[in-house]
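In what follows, a single structure is set out as structure tokens and then discussed.
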Amino acid sequence: MPETDLLKGKRIILGITGSIAAYKAAEITRELIKREAQVYVVMTKAATHFISPLTLQTLSGNPVITELFYERGPQETHIDLASRNDLLLIAPATANIIGKISTGIADDILTTLVLATTSPILMAPAMNEKMYYNSIFKENMEKLARYGVEFIEPEYGELSCGKKGMGRLASISKIIEAVKTALKRRKDLSGKRILVTAGPTQEPIDEVRYIANRSSAKMGFALARAAYEMGGKVILISGPTLLKPPLGVEFIQIRTALEMYEAVKERFKEVDIGIFAAAVADFHPSKAHRGKIKKEEKGLVVELTPNPDILKEIGKDKGSKILVGFAAEVEDLIANASLKLKEKNLDMIVANRISEEGAGFEVDTNIVTIISKEEAIEKLPQLSKDEVARLILKKVVDMVEAAGFEPVTSSVRRMRSPN
Ligand code: PMT
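Every number in the numbering used here is 321 more than the matching position in the sequence shown, counting from 1.
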């Protein structure tokens, strides 16, 4: 898509905060307007000391909002703005605003807007090097990144103190590129339906005990959340977990592998893409006893029956749908994962060395290697599960674009709603 089309008519809120780099917001506004975006500038009080609202009003052609409480005129309220924007860009973003937003403070127009917005949020930090490397600031930034805020890394160069260092606002061209990427990504999965499996399964021995595993469902939930944020319609089928289902996602709770199998069979026909992150138990007790089995001195022998391999069964008849599996491995990561990719007829497999610290079950981070059916191998560093999910989905989007297939969703919708 040409870049003018990508930005044309897009409603972008440009938040400006109190940094010496605030003057560069005028150039950002001009570049966005040149590409036919609609720009609504919101400034903190501190920002108005560095650049005049009148400059930005003149460049954007829209009133500039600087106050949370103001006489309601014909212009939109902050809630109107937040609910109708395509992107919220904060450039420059000071350490102060990042700190406030990371703790949920909403005490001025910009922080309130951030809490009310559902669009992607981009922040371009600008500050002194010492502040940029401060651990408290880093923690705040990492926290926001976990919630899906994207950061445009500052540059090394001359700072306002006269010294050289890291922390100078990213170049205007880099900021415009990031805006385009964020807007594109938002739409990348729109019209697509994605089924995600997550969590463990529980296989009952009796009415009290069960066989399960350590899956927390964090990886699967991160995938469902990211797919929704990228515009997809998401069905999340999960085993028992303490996590709350992500907003906007259709959630189906199951308990056993057989229940997951039934739910997947039922819903897979509606989707374009399946991502299987669940840690399904490979066996279930052949007989689930009623009540509670009595404690016996001689111990207890539980006979196990294999569960169906859900992904393998689905892979047999996947047609042109995109299928992504996970492989939880402790040794021979690439060889074992590649074998699973072939056996289950997958388009991509995410190999997870679960014995590594910071990877696999329960933790908030993961370390994975992504293997495509064309045998391209990409090892990712330790990242938050949200970031891993976004990177997996970006690869899925590439596959969707390469395949150029029509989503099944339109035909399913037509069949279901004749009125
Ligand atoms: O939930 P978390 O605590 O965040 O942990 C994340 C995770 C470690 C569970 C996740 O990253 C992961 O690796 N999931 C796959 C776990 C697994 O069961 O791997 P596997 O190698 O045994 O299975 C291969 C693939 O077949 C998986 O996509 C699995 O969902 C699927 N499978 C396996 C067995 C089965 N009976 N049915 C299946 O569909």
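Note that CB positions come from ideal geometry on N, CA and C, so glycine has one too.
Remember, predicted model here, so these are calculated numbers, not experimental data.
Helix, strand or coil at residue i according to DSSP, with G and I counted as helix
{"i": "P441", "result": "coil"}
{"i": "A519", "result": "strand"}
{"i": "E677", "result": "coil"}
{"i": "A533", "result": "coil"}
{"i": "A427", "result": "coil"}
{"i": "E388", "result": "coil"}
{"i": "V684", "result": "coil"}
{"i": "E524", "result": "strand"}
{"i": "L327", "result": "helix"}
Cβ-based neighbour list, residue i, same chain, cut-off 8 angstroms, excluding 5 preceding and 5 following
{"i": "A466", "result": "F472, S705, D707 and E708"}
{"i": "M452", "result": "A416, F458 and G488"}
{"i": "N449", "result": "L480, S481, C482, G486 and G488"}
{"i": "G420", "result": "I457, F458 and N461"}
{"i": "D401", "result": "none"}
{"i": "L621", "result": "I614"}
{"i": "I573", "result": "I556, L557, I558, S559, A584 and R588"}
{"i": "A330", "result": "Here residue 330 is Gly; the residue named in the question, Ala, does not match the sequence. Here the set comprises E357, A358 and Q359."}
Close beta carbons around residue i, own chain, < 6 angstroms, minus the five adjacent residues each side
{"i": "S481", "result": "I341"}
{"i": "Y582", "result": "P629 and I631"}
{"i": "L579", "result": "none"}
{"i": "T634", "result": "Note on residue identity: the sequence assigns Glu, not Thr, to residue 634. Closer than 6 angstroms at Cβ, skipping near neighbours: no residue."}
{"i": "K539", "result": "K706"}
{"i": "A701", "result": "Strictly speaking, residue 701 in this sequence is Leu, with Ala absent from that position. So the qualifying residues of the chain are V689."}
{"i": "I596", "result": "V517, L544 and V645"}
{"i": "M669", "result": "V645 and S693"}
{"i": "A609", "result": "P525"}
{"i": "K715", "result": "none"}
Residue span of the beta strand (DSSP E) that contains residue i, given as start and end
{"i": "R332", "result": "R332 to I337"}
{"i": "E699", "result": "I698 to K700"}
{"i": "T690", "result": "V689 to S693"}
{"i": "T411", "result": "Looking at the sequence itself, residue 411 is Ile, so the reference to Thr does not match. From DSSP, the beta strand (DSSP E) with I411 extends over L408 to A414."}
{"i": "Q359", "result": "Q359 to M364"}
Contacts around residue i, its chain only, beta-carbon distance under 7 angstroms, and the 5 residues preceding and following it disregarded
{"i": "E352", "result": "I493 and I497"}
{"i": "E528", "result": "R611, G612 and K613"}
{"i": "I422", "result": "T432, V435 and L465"}
{"i": "K505", "result": "L327"}
{"i": "Y531", "result": "Q523, E524 and P525"}
{"i": "H370", "result": "G339"}
{"i": "T350", "result": "L335, V360, V362, L377, L380 and S381"}
{"i": "T577", "result": "T522, Q523, E524 and H605"}
{"i": "A672", "result": "A648, E650, L654, I655, A658, V689, T690 and I692"}
{"i": "M736", "result": "Any reading at M736 needs caution, since the residue's pLDDT is 30, under 50, leaving its predicted position unreliable; the model's value is listed next. Answer for M736: no residue qualifies."}
Enclosing alpha helix (DSSP H) for residue i [first to last residue]
{"i": "P374", "result": "P374 to S381"}
{"i": "A710", "result": "K706 to A724"}
{"i": "R351", "result": "K345 to K355"}
Proximity test, residue i beta-carbon vs the ligand ATP heavy atom, cut-off 7 angstroms
{"i": "M669", "result": "As far as ligands go, the structure on display features the ligand PMT and does not contain the ligand ATP."}
Within-8 angstroms CB hit, residue i to chain B
{"i": "E550", "result": "Here there is only one protein chain, and chain B is not present."}
Which runs of the beta strand (DSSP E) spanning at least 3 residues fall entirely within the stretch 539 to 599, listed in chain order? 554 to 559, 571 to 574 and 594 to 597
Give, in chain order, every unbroken run of the alpha helix (DSSP H) that is at least 4 residues long and sits entirely within the stretch 441 to 516. 450 to 453, 456 to 467 and 493 to 509
What runs of the beta strand (DSSP E), each 3 residues or longer, lie entirely inside the stretch 640 to 669? Counting only runs of at least 3 residues, the stretch 640 to 669 fully encloses the following beta strand (DSSP E) elements, listed from N- to C-terminal order: 643 to 650.
In chain order, each beta strand (DSSP E) run of at least 3 residues that lies wholly inside the stretch 595 to 636: 604 to 606 and 625 to 627
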